[in-house]
Every structure is written in C-alpha cells, then in structure tokens.
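**Student:** Structure incoming, see below.
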Ligand SMILES: Nc1ncnc2c1ncn2[C@@H]1O[C@H](COP(=O)(O)OP(=O)(O)O)[C@@H](O)[C@H]1O
Ligand SMILES: Nc1ncnc2c1ncn2[C@@H]1O[C@H](COP(=O)(O)OP(=O)(O)O)[C@@H](O)[C@H]1O
Ligand SMILES: Nc1ncnc2c1ncn2[C@@H]1O[C@H](COP(=O)(O)OP(=O)(O)O)[C@@H](O)[C@H]1O
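Chains as they are written, first to last, in the UniProt record's numbering: chain A, 1 to 117; chain B, 1 to 117; chain C, 1 to 117; chain D, 1 to 409; chain E, 1 to 409; chain F, 1 to 409.
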C-alpha cells in the first residue's frame, strides 16, 4: 500500500459517456462509478421554452465519472480523457484529481493497489 | 499550479438550492456541480403515510453542491454559504472541505488555477 | 480541529443499503449521504433483453454511501462494512477512504470533530 | 320506459364516462407541469373535485342548477337529494334519456369545472381552504351560472344565449375564477416554470382531448347528427389550436415544443366548447386557430406583463379561449347546422352577439366578485395559503405527508 | 338477428372495452406501489392475466362458468372452444345481445379477477408458478364460483343471491385468494411499504374508476335505466369511499394523502359492485362510506396486527370491502330500483340477508381451501417463491432480465 | 334523418374516440422505448400526426381516398373541404350513419397510420422534414392506397380484396414506409436499444390494445354481430400474439419480458386487423400466435441480420405482422362469419389468396417507391436528418428546446 492512489473525476456531457467508456476500456481502466449530476461552468446554461416563455436553465445535465487508479499513470488517464472529449468548445468538461487514502475490495478483502487490480 | 485548490461540498435541502446559487453567483463562483442525494444527520428523517400507515423515512432528499475553488478564499465561501442557509434548525445542512490535487479544463487544456478562471 | 477527519465511500448494490444502514446505526454512525450511481468493476455488467434481443448492460445500478467520521476509527467502520456486505462474490462492493480538511455544521456553526457529534 | 331511447342512453353513459376520465387526465396535465414536490397536491385537487362535487351534486348542486326556476337566477331545492328525479324523461332537458342520466352527465361538468380552477393556485394553497373553496364555489358560482345558461327558466337561456357544452358555464367561469384566485392567494415564492414531467402532462392533455369528445359530442344528449357535428368540430378545433400555438412558438422562439402543441390543443378545445353543436367544421377550424393564438398570447405575453401568478394558466387557457369561443359562437353559429340554435353575426344576426356580450359580462363579473367573496370568507375561517416553509418544502410532504417518487428508486 | 338490440350491443361492447382497460389501470395501480425494481414483474401479472385468461375463457372457462348446469355446481364442457356459442341470443343470460358478446363481456371479469389477486403476492412470486396459479385458480375457483352465482342453474343463483357485477364472484373471491396466497407464499424480506411512483398508482386508480363504469353499468347488459342507476351508485360509492378513507387518515395521522384518497375510492367501488343495480344512490353513499372506512381499518390496523403480508392489499381492499358490499346489498336492495332484484333487510326482507351470509360463507371457504390446495399442488411442480437473492435484486432483473428505468436517464 | 340508426351512430362515435385515444397510446409506447433525451420528439411525432392529418383529411384527404372514383386509382377532389359531405347517409360506405361520421371514423385511421411510421426513424429525423413527410405521405400514399382498397370503385376493392380494418391500408403501408424511411434516413449513431421508461411503453401498449377495439369492432360501422366477432377475434389475437412472443423469448433467452409481452400483443393486433370481421375466433387464435412469432423473428433476427435501423420496429411489427395478416385473412376468411366477405383458402377458395398476393405486391411496391420518392423530394428542400450534435445532445433539447424531465427533480 505504498503506491499512490488517485481519484480522477471527469465531468462532461452525458452524451459523451459511451465514447469515453470505450476509450477508457482500451487503456485498461477496470472500474468506474458514474452518476448523473447537473452543473455549470463557463458554459452557463441554455434556454428552454415553456408554453411560449423562454426559461433560463442554469444547470445542465452532466455526468460524473469517478475513476480510482493506482497502476495506470494519472497523466495517461488524463491525456486519454482529453483526447476523447476534446472538441475545443466550452462544455467539453472538466477533470478533477484527488488523493485517495485507501481502497478496499469487500469480496476478497484486498486493499490498496491490489484492490484495484 | 502552486496555489492550493480546494473542494467544498455543501449538503442541504433541495429547496434551498436556488437561494444558494443566487448568492454564490454574487461572490464570483464560476462553476459548480449539483446532484441529488439522500442523507441523514442530526435530522433523522420524518414520517410519511401509506394507506393510513405511518412509514419512517430515514433518508431525506438533499442536494449536494460541489464547488472547486482556488482564488476565492475558502473562508469567504463558507461564510457565504452559512449566511444563506442558516436558520438555526437542524437540517440547515453541512459543509465538507477537501483538498484537490489538480483541475484540468478539457476545452483549452488549462490546468490548476487557470482551469478555474 | 486537530483530529483527523476521514471520508469513507462505500459503493455497493442498492439492495444491501438497508442492511448496511442498520449496522452502521449500531456502531454510532450519525450521519451519511447516499446517492444512486452506476458502476462497473470486476463485475462487468449483465444482460438484459429488449424485444428478444440481448443487450449488454455495462453499468450496474449501485448505491454510494458517504460517511464522514472523526471519532469512530476508520478501521472499525471498514470492518463493520466488510462484515455486512461480504458474501465473497464480486459485486460485494468497494470502500474508498479519503482525507477531509474540515467539516462545518451550518445550524450551529460548529466545525471539525464537533460538527460530527 | 316511455320516450326512452336505448341508443341515446348508451351514448350519454359513454359520454359521461369519458368526462369522468378527464379528471385523471387533468390531474396528469397539471401534475406534470408542477414541481415534483407538489405533484400529489395538484393531483389531489382534481380527484377531490371528483369525490366532493360528485356528492355535492346529488345533495344540492343539481337542484340548484337545474331545479325549478326561481326568477331566472337559480334552481329551487325541490330536487335536493335527487328527490323526484328518476328514470322517467325530463323533456325540459333531454327528451330521450332518463332524467337521472342527465343528472349524471351534468355532474361530470360540475366536477371538471371545479378541478380546472385549481391550476391557477397550484403549489401554494392549503388543503382545508381548497376543500372549502371547492364546495362553496361550486354551490355559489357554478350552480347559479349553470342555471342561468342551461336551467329551464334561466335568464340567459331565456335571452337566447347558446352554450352547447359549457363555453360559458365551464370555461369562462373556471378561467375567471382562476384569475381571481391566483391574485387573491398571491404569487408563489418562485414563479419560474419548472415542469417536472412533461410526458405526464402530455398524456394528460391527450386524455383531455379524448374526454372532450364526451363533453362536446355528448352534449347533443343523443346519438344523432348534432353529436357527429360536435365531434368533428371538436377535433378540428383541437388540431387547429395545436397548430397555431406551436406555429407561434416556432416563429417567435424558433422552437416548436411538445407542451406547447398540447396546450394549443386544449385552447382549441376550450374555444369550440360553446359552439361545437352550432357551427360548421370549417368555422371550427378558424375558431381553433384563433383560440390557440390568443391563448399563446395570454400565457406568454399577458401574464408576464400583468404579473399575476396563474400557475398553470387556468385563465390563460380556459378564460381567454373561453371568452373567444363565446364570441365566436355568436359569430359562426348557423341554424343550418343546428335548427335548435341560431344564426350568428356571419349570417346576419346581430342579436346573438349582443346577447353573448351580455352573458360574458354577467358571468365574468358575477364569477369574479363571488370568487373574491368566497376566498375572503374562507380566509376568515382558515388560512388560504401555505406557510413559506411548507411551500418551500413542497406541499406533498408538508401537507400530505407523502412523496410522489422514491428518491433512491 | 332476432331479438338483438343494436343499442344494447353497442353498449355492452363499450362496457367490455372499458373493463379490458382496467388491466392497464391495475398494472399501473399495482406497479406504482411496488419498489422500482419490481414494477415490471407486477405489471406483467396483470397483462398475463389478460393474455392467458382471454384464451382460457374461450377454451374452457366460459363453458365451466356458464355452460349447461351440472348439479348447480359447475357448467358442463358443452360450450368449450365456444362450440354452439354464436350470434343468436341466449335468453338465460342476456335477452338482447349476441351470446358471443355475453362471452366477451364475462371474459373481462374473469381476467380482472385473476389479476387483482396478484397484488397480494407482489414482489416475491416466481413467474412460472404465477402462470400456473393463474390458469388453475381461474379454472377451479373463478369458473365454479361464477357458475354458482351467475350460471343458469347455479346453486347460489337458485337460492336467490344477488350479485349485480361481481361483488361475490370478483371481489370476495379475489380478496380471499389474495389473503391465502400471501400467507402461503410468506412475507417479503422487507415489508415496509416503499411505493416507487405514486402518480403512476393514482393514474391506475383513476383508470380503474373509469373502467368500473363498464363493470357496473355494463352489468345491466342493456342501455337502460338499471345501467343508469348502476352508473350513479358506482360513482357515488367511489366518491364516498375516497372521502371516508381520507377523512380517517386526516383524523388519525393528520395527513390526508393522495394514495389514500384513491385507495378509498377503490374500496368504495368494490363495495358497490355487488349492489350497483339493486340499491338507490342514497344507499350507495352509505355503502361507499362504510366501504372506505372498513378498508382503511383492514389495511392500517388488521394487517399489522395479524402480520400477513398482503403486499398491495388485495384482501384489505377487495376482500373486506367485497364482504361488506355483499352484506350491504342484502340490507339496501330494493325491488323499486330493480324489479329483477329483491328487497333487503331495510325493506323488511330477512331472507336475502340469510342467503348472502350463506353465499359469503360458501365462497370464502371454497376459495380459501381451493387456493391453498392449488398453491400446494403447484409447489410440488415448481417453487412458488423467488430465491432470497432474486427478491433482493428485484424481480424485474432476476426473473425478466429487464429493468423498468434506465438509471443514467 | 332517413336511414340513420342511433345505435350505430353512437357506436361509431365511440369507436372513433377510441382510435383517437390510440395517439396518446402510441406516443407513450414509442416515447417509453426511446432515450430520455428524445421522448418529447417521439411524442410529438404522434401528436403532430393527429393535429396535421385531422386537418389534411377534411381539406383533401378524405376526398382523395373516398371521393368519386377516378380509374380505380384515386378519389376526385369533389369532396375536398367536405363539400357535399353531410348528415345524410352515403350508402356506398355506411348505410346507417351520417356520411360525416364515416369521414370522422376514417380520419382516425389516416392519423394513426402516419403516426405509426414515425417509430422507424425515431431519434434522428428533423422536425420540418417530418412535417413535410407527414403531409406528403398521407396525401400521396395513404389516400390512394385507402382508395384502392376501400374507396367505391377502387381497383383492389373491385378485385375482391378483403381488408376489414386496415391490414393493408394501415399496417402494411405504414410498415413498409417505415422500413424505407429507416434506410433512406440512415442509422442512428448508437443503435443499441436503450428504452428509458418501460412502464410508459407498456401503458402505451395497453392503450393501443384498448383502442384497437374501436379500430376493429368499429370497422363493422354498426353495433351488430360482425362488430362482436371483430371484438373477440381482436382480443384473442392480441392475447395469442403476446403469448407466442413471450414464449419465444423464454425459450431462447430464458427471460420472459414485459415489453416483449406487450410487443407480441401489438403484433397479434396488427395481424388480425385485416381479418377481424371475416375470420372465426378460433382462426384468430392461430393468426395471433403466428403474428407474434413472426414479429419476434423479424425484430430479433431479421433486423440485426440486414442491419437497417428500424428504431422502434414499425416494420418488424406492422409490416411483417401486417403482411402475415393479409395472407391469413385470405386463408381463414369465411362467409359464415361475414356474408359480405368471402371464403378463404381453407374453405377452398384460391382466388382470394391470389388477390391478396396481388394487393400485397401492389401496396408494398407502391408504398416503397413513393416513400422513397417523397423522402428524396423533401431532401431537396430541407435536410432530413439531424446533425450529429443534435442527435448526440438529444432531439428534445436541440430541436424543441424542451427537456422531458427536470434533472434535479
Ligand atoms: N469550479 C467548479 N467546481 C465544481 N464543478 C465544476 C467547476 N467548474 C466546472 N465544474 C463542473 O464541470 C462541468 C463541466 O464544465 P465546463 O463548462 O465544460 O467547464 P468549463 O466551465 O471549465 O469550461 C460543469 O458543468 C460543472 O459540473
Ligand atoms: N457524518 C456525515 N457523513 C456524511 N454525510 C453527512 C454526515 N453528517 C451529515 N451528512 C449529510 O449532511 C446532510 C445535512 O445534515 P444535517 O442534518 O443538516 O446536519 P447535522 O446532522 O449535522 O445537523 C445530511 O442529510 C447528510 O446528507
Ligand atoms: N477503480 C474504480 N474506480 C471507481 N469506482 C470503482 C472502481 N472499482 C470499482 N468501483 C465501483 O465500485 C463498485 C463495486 O465494484 P465491485 O464490482 O463490487 O468491486 P470489484 O470490481 O473491485 O470487485 C463498482 O460498481 C464501481 O461503482
């Protein structure tokens, strides 16, 4: 458990999820957790219409992909994500990187790097 | 990327979200991620009724607001949140503060503090 | 605020949530945040059927339970979780441990360990 | 039994069933448009109208509306508790079906009218106040107005006002009541539209369109050509209303929406309700187009301009398109379509138009004043409006101890 | 064709359609009340009843229920495969419509009865066992019981039992079967109510109310005054049931709920089913009020007390309100309402009440015993109950390989 | 009015209402099967068909389809704008109801046919192109084909083709059009099935089953024995289709699904549409069983094999089961069931089968070619298909500026 464990959160449009998952598979990401979130950043929402009235939607539907890695270098993961999601437009998404103290797999009790294998 | 990047998670009632967002806007928070969660704390649920039978609901609907900041001081953010959400009753919510290792904006490849501008 | 505050994320099947909550109650966990997520790990999905056609579902419905603790030892929490959720099969779930910088309870302004009491 | 016609009996039973089915439809239509924390509260408004007015009607409502006339203003209580109302025909109202079936058919009108109003004060009215309002409004507004227009001896009926299926009685009265109630009860804290489930609202709208065939074709009270004409004018106006509403959206906002389409259809249906059995299909096309257009303007222009919080547009839809429909009937009605009707302006008859102006005026004023008085009276007994925290938390949990959806699935 | 009356034909077709529509309604009603992981399983119970019993009925069911009598106990197989059942009138059953239309109308009763039971064992019955249960129960319980009460020569019919639209045949039998099945199959691991989608359940309830007009008014089998009376008593009892149930909630829990309102309406509808064409609207008001009240007590007091897991209250609603309705019919029936009926206790006739007690006893005992026997027999062939992991994972995925909603939108 | 029969008038009004209700049903059926980001777009396809074709029909559609014959190929424009179409009977089409009611009844067929096609190109067609397609296809394909089969003087009618309720006109034409449109417009970027709300789809399927009684029984155009027969064959085929589809799933995938059950029912309904009033209930059982089976094979085997993206199986269901139904009618039809019909192969008549082969061939070829031409013509004026980003973002937001569900509840 001396290896550094890192969590990478990717927040992007739900429509890009399948493409992203396909590419992550290729670099050997073995696990991930995905959730529906809503968010705003530079991309500050859009207009929707309700019975003729424009309504400002501030929070857009986004998807958050959490990936905890140890052996795969963070840089490689980040590069891959950037490659898949990049279009150059705001709304491409954001990546957040965090430290992880430990990981435990319940089914066999392994911890740390072993739990991520 | 020498600046400290911090993530602040605010968990509160969904009904306070709009007020909170209005105030955060004012102190210059540029991005946030919001998700539906369920939670319990001191506030230990309430009763609902099903065909005449009371049912204990342990987990209440809450909203989690994640804000990653760098230039805005954490204290200022926390104070603002406290000001908006405070009523003095349990259920006002909780704030959790975490360290962030890095942030990357995909659309232009900026990292760290630049990615939060 | 000198005590170490830790966040433990448990990701497991939604069907185990009630059992888990019952046990956590017993060891004195006072607060938690639960959310619906989808995930894959060693357990790589299942098949569903759509009008006679098998469809590979890669992301399974999971539940994420976030618990921030200070006085309760992390080990004790992890052991309890392992005890409840363990069946020895993949899909039992995973535990992630993170450091927390601070916690603030809004209703009374307490911070750190006090906010978790 | 004498004079009874089985075909007409079956037809009116069918029609009454369809109108009852509009209640679940309305509950979906309204429920889909509110926030998810208020969907049960809105739903309950419709179902409570069904439960409560179904009883009020057989106890006193029917008698007040259709009972022996008193000065053209209201029916006597002679038929309260359905006394003397039975299986024989009452030729004043329907020549070929049991009197009791007429009661049932009309009951559903009273039910739906009361339910429609609730859209105006959605997401903020207290439940006890709502129940009181339901009973008082139906008794003191709906029943007399129905008598004026439809009751044997009613003064507007005598005047020669034509209201085939409730353009005045149902639509104008509910729309005006909604507007007044919205103003008296006041704005929601957050008035930004936030519909939580548009497919639910659209299903509701679709059910309303379906049920409206019972409403309008059924108002012929016989399976005859008038019913057929009403069916076609109803469908045509609905289609036309949908098209004009969505076209306006498309032109102005560049986005044709699904909820707009269905809202326009409802506006078209509202606007044809008064004239369905009196105008030609061609006229109904124009009536529907204009109905959708006016409703669009009322909802998206008038409401923001005046700032009243008619939450789900009871007034913007039923009030506005209802008044248009009443005028349009006076323009397009033709005795060629229905010999029991009259000719309208288009066919050179000015009188009908004058009478409809009088009727609109009378009903708007009476409904507005009485709705106001009733709400003020209720507010002496119990608070009309939810507390700020109740509104914020959502009426489902705070008033009804119930949440619509289970958050963790 | 001779004796046929077009108005009645159209009316009964309308009625049969409405009853069929109760199946989607029941599927929503039940589906909304289960956990989201079991909604398709519950839905399928209703739709399978429709698919399977529709066929069982024309193959053997109809003949067993309505075929030439054998000792008052059951019909012969003479009409199996609809042999000799055609377009001419069968005056034993309906004097003015084709025999085949009577078959169709009655088919829908058999379908819905089997579907109602499934609420009792929701969230835990294996699918093959359910299918077997469906066929066996309908064949060995529903068909004979229907024969006793409605079949020409049936012993309870001979005795003079009145069951207008299935108070005994549909409601009591399904309710009792539900109770026995819930006990035999056992409790769910987690019995805490956890309805995943209340608006869905309420829509289902609304559709049931609508469909019940087909059920009850349709049971006149002619577009006549009896149908009209049944329509009004049905609507009145539903409204009264809703009001008494929600009032009890309000008094006891301080919270009037939407699901409670609709549940009360269903209880009211159940309780009027047996008497709809025999009692006055006034009596139906009382019948509905008491029906809602008893159902409230059964669900919120009796069930926790005895601890059986009647998951969606097939017994608490249909059994309890059904028995009440059977008694109430024997109290309130009046030959003034329906000359083909009888006078009840209230009109000085004790005999009807005695007969109804006998009928209740016989049907409760027969249904309970046979349901038990059928379940035990099935358990010799295949397991009744899902494995613990299947139940925990949810029946939708574990049994049907399908999930109702897509988690990521 | 002369020759009018009130019972038939009421019955056909009832039937037309039910068919209209299939539009909300279809919208749910399709809407539940698409991704949540496209549900409003799919819903709008159905509602737009209702709004637009309701008007097209009274303007020109009815006249093209049923107006005075021109060489057996198409009706003249003599009845455009419903000129000369009124309350008197048109004995060519229906002997006992107003001509105008026949117009209304047939209108709903035109509406639903156009709506059915939209399942094939769900999730990727631009809205303006869709609207053009709707009008052009209905005018240049539906109207002529309806004339061939049902119009007085239509060449296939003359030939002796039997199409009780639209097996050719509705089902085959929409199914083939769907296939061609799916191919011309091309595959979605992601074709993996991803139904977002199966209970919604199942409710839609249930409403379709209900509405189909209006479709098929209503096609008797009179409340008579033929209608009764059609009712029973319809219900039987639906049940049988459900059972064969789910049985295939069970055998092959080991999982009987809810959506499969309902899909099979729809296939059964499609396959009986052409023959409902001509075949016996026994035959309908076989027709339904085979219909469900073929549809299962088309959807789960044929489609992946050939790789066309018939998104919601307009072809797999309506095309395949429709063609089967047309053949089956030619096999099982019996003049004992309907003297206005003919005997099929089974009763020794080869000619009907030959004629049905000709009709299938003609309609398949004509529909395929015309659908292709229409789409190509539209593509000269406006793009058929959404841009990649629009498709990825979802049609609801990108085309309609609307999202179905509010993400944060
Ligand atoms: N400062 C932040 N804190 C938390 N979440 C953020 C922040 N900035 C962006 N996000 C999340 O990332 C998502 C993607 O943002 P996007 O608009 O693509 O990035 P940017 O605004 O940096 O261009 C946002 O919708 C939001 O959910
Ligand atoms: N120890 C904890 N760990 C994780 N989440 C917590 C914890 N305590 C509280 N929460 C989250 O914060 C939400 C707000 O809690 P609240 O009841 O307002 O705070 P408190 O209980 O401290 O007064 C809870 O619903 C829960 O989601
Ligand atoms: N590397 C990872 N990063 C993020 N989440 C993970 C990771 N591995 C597993 N998870 C989450 O934990 C859940 C439980 O995984 P499970 O299959 O029980 O664990 P494992 O695959 O280690 O046996 C997964 O569905 C996923 O949501």
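Just so it is clear, CB atoms sit at the ideal spot from N, CA and C, and this is done for glycine as well.
Using a Cβ-Cβ distance cut-off of 8 Å, determine whether residue 11/D contacts chain F.
**Tutor:** For the purposes of this step, residue 11/D is taken as residue 11 along the fourth chain, with counting starting at 1. So yes, residue 11/D belongs to the interface.
**Student:** What did DSSP end up calling residue 198/D once you bin it into helix, strand or coil?
**Tutor:** Taking the first residue of the fourth chain as position 1, residue 198/D is located at position 198. In this structure, residue 198/D counts as helix in the three-state DSSP scheme.
**Student:** Which residues in chain A sit within 8 Å of residue 408/F, going by Cβ to Cβ distance?
**Tutor:** As a working note, residue 408/F is residue 408 in the sixth chain. Neighbours of residue 408/F on chain A, chain order: 38 and 59.
**Student:** Between the Cα of residue 134/E and those of 387/E, 375/E, 364/E and 403/E, spot the shortest distance and give me the residue it belongs to.
**Tutor:** On the fifth chain, position 134 is the one that residue 134/E refers to. Of the candidates 387/E, 375/E, 364/E and 403/E, the one whose C-alpha sits nearest the C-alpha of residue 134/E is 375/E.
**Student:** Under 8 Å between C-beta atoms, does residue 31/A make it to chain C?
**Tutor:** Position 31 of the first chain, counted from the start, is the residue given in the question as residue 31/A. So, interface residue.
**Student:** Would you mind reading off the limits of the alpha helix (DSSP H) that contains residue 229/F?
**Tutor:** In the sixth chain, the residue the question calls residue 229/F occupies position 229. Where residue 229/F is concerned, the enclosing alpha helix (DSSP H) stretches over 225-253.
**Student:** Would the segment 293-306 of chain D and the segment 234-247 of chain D be scored as touching if the rule is three or more Cβ pairs under 8 Å?
**Tutor:** Touching, yes.
**Student:** For the beta strand (DSSP E) holding residue 27/F, just list the boundary residues, first then last.
**Tutor:** In the sixth chain, residue 27/F corresponds to position 27, counting from 1. Looking at the DSSP string, residue 27/F is not in any beta strand (DSSP E); the run it does join, the alpha helix (DSSP H), is 6-33.
**Student:** Would you mind telling me which residues of chain E sit closer than 9 Å to residue 49/C, beta carbon to beta carbon, in chain order?
**Tutor:** The residue labelled residue 49/C in the question sits at position 49 within the third chain. Chain E residues near residue 49/C: 400, 401 and 402.
**Student:** Let me know the secondary structure DSSP gives residue 284/D once reduced to three states.
**Tutor:** As a working note, residue 284/D is residue 284 in the fourth chain. The answer is helix: DSSP assigns residue 284/D an H, G or I state.
**Student:** Using the three-state DSSP reduction, which class does residue 7/B fall into: helix, strand or coil?
**Tutor:** Along the second chain, read from residue 1 onward, the residue named residue 7/B stands at position 7. Three-state DSSP puts residue 7/B in a strand.
**Student:** Mapping DSSP to helix, strand and coil, what is residue 66/A?
**Tutor:** Indexing the first chain from 1 puts residue 66/A at position 66. Three-state DSSP puts residue 66/A in a strand.
**Student:** So the candidates are 320/D, 102/D and 3/D; which of them puts its Cα closest to the Cα of residue 174/D?
**Tutor:** Taking the first residue of the fourth chain as position 1, residue 174/D is located at position 174. Nearest C-alpha to residue 174/D: 320/D.
**Student:** Answer with buried or exposed for residue 144/E, where buried requires no fewer than 16 other C-beta atoms within 10 angstroms of its C-beta.
**Tutor:** Walking along the fifth chain from the start, residue 144/E turns up at place 144. Its Cβ being crowded by 16 or more others within 10 Å, residue 144/E is buried.
**Student:** Please list, in chain order, the chain D residues whose beta carbon lies closer than 8 Å to that of residue 388/E.
**Tutor:** In the fifth chain, counting from the first residue as 1, residue 388/E sits at position 388. Result: empty, since nearest Cβ-Cβ is about 20 Å, beyond 8 Å.
**Student:** Suppose contacts are defined by Cβ-Cβ distances below 8 Å. Is residue 48/A in contact with residue 37/A by that definition?
**Tutor:** Locating residue 48/A in the first chain gives position 48, counting from the first residue. Locating residue 37/A in the first chain gives position 37, counting from the first residue. No.
**Student:** Scan the segment 85-137 of chain E and note each continuous alpha helix (DSSP H) run of 4 residues or more that stays entirely inside, going in chain order.
**Tutor:** With a minimum length of 4 residues, the continuous alpha helix (DSSP H) runs that stay inside the segment 85-137 of chain E are 99-117 and 127-137.
**Student:** Can you find a CB in chain D that lies within less than 8 Å of the CB of residue 52/A?
**Tutor:** For the purposes of this step, residue 52/A is taken as the residue at position 52 of the first chain. Chain D, which has a Cβ nearer than 8 Å to the Cβ of residue 52/A, makes this yes.
**Student:** Report the residue from 41/D, 121/D, 198/D and 132/D whose alpha carbon sits nearest the alpha carbon of residue 187/D.
**Tutor:** In the fourth chain, residue 187/D corresponds to position 187, counting from 1. The candidate whose alpha carbon is nearest that of residue 187/D is 121/D.
**Student:** Residue 63/C versus chain F: which residues are under 7 Å apart at the beta carbon?
**Tutor:** Translated into the one-based positions of the third chain, residue 63/C becomes position 63. None at all; the shortest Cβ gap to chain F is about 18 Å.
**Student:** I'd like the ranges of any beta strand (DSSP E) spanning at least 3 consecutive residues and lying wholly in the segment 254-279 of chain E.
**Tutor:** You should have found no qualifying run.
**Student:** Using a Cβ distance threshold of 8 Å, determine whether the segment 268-285 of chain E contacts the segment 251-259 of chain E, with at least three qualifying pairs required.
**Tutor:** At 8 Å Cβ cutoff, the stretches do not touch.
**Student:** Rounded to the nearest angstrom, how far is the Cβ of residue 357/E from that of residue 278/E, given a contact under 8 Å?
**Tutor:** As a first step, residue 357/E is located in the fifth chain; it is residue number 357 there, counting from the start. As a first step, residue 278/E is located in the fifth chain; it is residue number 278 there, counting from the start. Incorrect: roughly 17 Å between the Cβ atoms, too far for contact.
**Student:** If you follow the alpha helix (DSSP H) that residue 371/E is in, where does it begin and where does it stop?
**Tutor:** In the fifth chain, the residue the question calls residue 371/E occupies position 371. Start and end: 350-381.
**Student:** Would you identify the three-state DSSP class for residue 56/B, choosing helix, strand or coil?
**Tutor:** In the second chain, the residue the question calls residue 56/B occupies position 56. In this structure, residue 56/B counts as strand in the three-state DSSP scheme.
**Student:** From the DSSP output, in three-state form, read off residue 39/A for me.
**Tutor:** Your numbering for residue 39/A matches position 39 in the first chain. Residue 39/A: strand per DSSP, three-state reduction.
**Student:** At a cut of 8 Å, does the segment 90-109 of chain F reach the segment 28-39 of chain F through at least three beta carbon pairs?
**Tutor:** Touching, no, given that fewer than three Cβ pairs across the two stretches are closer than 8 Å.
**Student:** Return the Cβ separation of residue 259/F and residue 402/E in integer angstroms, given the expectation that the two are a contact with Cβ distance under 8 Å.
**Tutor:** Sequence index remark: in the sixth chain, residue 259/F carries index 259 (1-based). Sequence index remark: in the fifth chain, residue 402/E carries index 402 (1-based). At roughly 7 Å, the Cβ-Cβ gap stays under 8 Å, so residue 259/F and residue 402/E are in contact.
**Student:** Just by C-beta distance, which residues in the segment 3-17 of chain C are closer than 8 Å to chain D?
**Tutor:** Listed in sequence order: 14 and 17.
**Student:** Does the beta carbon of residue 102/C come closer than 8 Å to any beta carbon on chain A?
**Tutor:** Numbered from 1 along the third chain, position 102 holds the residue referred to as residue 102/C. Cβ-Cβ to chain A under 8 Å: no for residue 102/C.
**Student:** Comparing alpha-carbon positions, which option in 80/A, 70/A, 94/A and 3/A lies nearest residue 63/A?
**Tutor:** Position 63 of the first chain, counted from the start, is the residue given in the question as residue 63/A. Considering only alpha carbons, the answer is 94/A.
**Student:** Step through the CB atoms of chain B and report whether any lies within less than 8 Å of the CB of residue 1/C.
**Tutor:** For the purposes of this step, residue 1/C is taken as the residue at position 1 of the third chain. Because residue 1/C sits at a pLDDT of 41, beneath the cut-off of 50, its placement in the model cannot be relied upon, and the point is left open.
**Student:** In whole angstroms, what is the alpha-carbon distance linking residue 98/C and residue 99/B?
**Tutor:** Within the third chain, the letter at position 98 stands for residue 98/C. Within the second chain, the letter at position 99 stands for residue 99/B. So the alpha carbons of these two residues sit roughly 10 Å apart.
**Student:** Is it the case that the CB of residue 78/A approaches a heavy atom of ligand 4 more closely than 7 Å?
**Tutor:** Summarising the ligand content, the structure contains ligand 1, ligand 2 and ligand 3 and does not contain ligand 4.
**Student:** Give, in chain order, every residue of the segment 327-360 of chain E whose Cβ lies closer than 8 Å to some Cβ of chain F.
**Tutor:** Answer set for the segment 327-360 of chain E: empty.
**Student:** Rounded to whole angstroms, what is the Cα-Cα separation between residue 63/D and residue 53/D?
**Tutor:** Sequence index remark: in the fourth chain, residue 63/D carries index 63 (1-based). Sequence index remark: in the fourth chain, residue 53/D carries index 53 (1-based). For residue 63/D and residue 53/D, the distance between alpha carbons rounds to 13 Å.
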